[in-house]
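Participant: Using our numbering, you'd call the opening residue of the sequence shown number 249 and step up by one each time.
Heads up, the beta-carbon is just placed ideally off N, CA and C, and yes, glycines get one too.
Structure incoming, see below.
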Amino acid sequence: MRNIFFHEDDYCQIEILPKENYNYCLSQCGNIEDFANDHMDVNGLGYTDIYIRENNAILLSTLTLTKDYLKKCMENIFPKFDKVETGYSSYCIEDKNTCAYGFNENVIAFFDYDENDIVQNIWLILNIYEKNDIKSAEKLLHKLSETSDLLLVDWGWSEVYLLTDTESIGQYLGRRENIFNS
């Protein structure tokens, strides 16, 4: 049985959204960067306050992607994890309304759904350590780009990409590989 755990802090930190959010997300990323700069600890060891992002302008759920539709898309490229768990530290619970797909723990697509099986959120783990991870991530993002006009938003890195911008996404994944290997 393949189980996967995601830390609650990773929830929607690398997020897939409708492309209509592009300008909104760019603005939010700018606000986050400004806030981070304004609230950096004087020793550079952390921050003096927490920025709370507002809800996205257009929710992914407005696309009415169904759980079954997304499962079929994902099953064509990645194996499914049998059980998804979340939490923090020693606290762990099963997340029964979340599905996860990936070959390993480096590149994973998660999505959660409501009581009507409408997908509410898609988020990713992109821990890029090697070229195979880049290939897996590119395959995943290409498959997601076929479902609708979507964005990748990395809130932690303040980066926003149209899924159709494969050149910029390739550069972004290369930067992630460099960081994870440094």
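Got a sec? Which residues, its chain only, sit under 8 angstroms from Leu-392 by beta carbon, not counting five neighbours each side?
Facilitator: On the sequence shown, position 144 is the one that residue 392 refers to. For Leu-392, where only same-chain residues beyond five positions count, the Cβ hits under 8 angstroms are Ile-264, Cys-321, Ala-357, Ile-370, Leu-398 and Leu-411.
Participant: Can you check whether the CB of Asp-365 is closer than 7 angstroms to the CB of Lys-319?
Facilitator: Your numbering for residue 319 matches position 71 in the sequence shown. Your numbering for residue 365 matches position 117 in the sequence shown. Going by C-beta atoms, Lys-319 is not nearer than 7 angstroms to Asp-365.
Participant: Would the beta-carbon of Glu-333 fall within 7 angstroms of that of Phe-428?
Facilitator: Position 85 of the sequence shown, counted from the first residue, corresponds to residue 333. Position 180 of the sequence shown, counted from the first residue, corresponds to residue 428. Against a cut-off of 7 angstroms, the Cβ pair of Phe-428 and Glu-333 comes out as no contact.
Participant: Starting from the Cα of Gly-294, find the closest Cα among Gln-419, Tyr-361, Ala-284 and Asn-345 and give me that residue.
Facilitator: Residue numbering aside, residue 294 sits at position 46 when the sequence shown is read from its first letter. When each option's Cα is compared against that of Gly-294, the closest is Ala-284.
Participant: Tell me, please, which residues DSSP counts as bridged to Glu-407.
Facilitator: Along the sequence shown, read from residue 1 onward, the residue named residue 407 stands at position 159. Beta-bridge pairing links Glu-407 to Asp-402.
Participant: How would you call Leu-307, buried or exposed, if buried means at least 16 neighbouring beta carbons within 10 angstroms?
Facilitator: Residue 307 sits at position 59 when you count from the first residue of the sequence shown. So Leu-307 ends up on the exposed side.
Participant: Step through the CB atoms of chain C and report whether any lies within less than 7 angstroms of the CB of Glu-386.
Facilitator: Reference to chain C is not applicable here, since this structure consists of a single protein chain.
Participant: For the beta strand (DSSP E) that contains Lys-331, what are its first and last residues?
Facilitator: Locating residue 331 in the sequence shown gives position 83, counting from the first residue. That run of the beta strand (DSSP E) goes 331-336.
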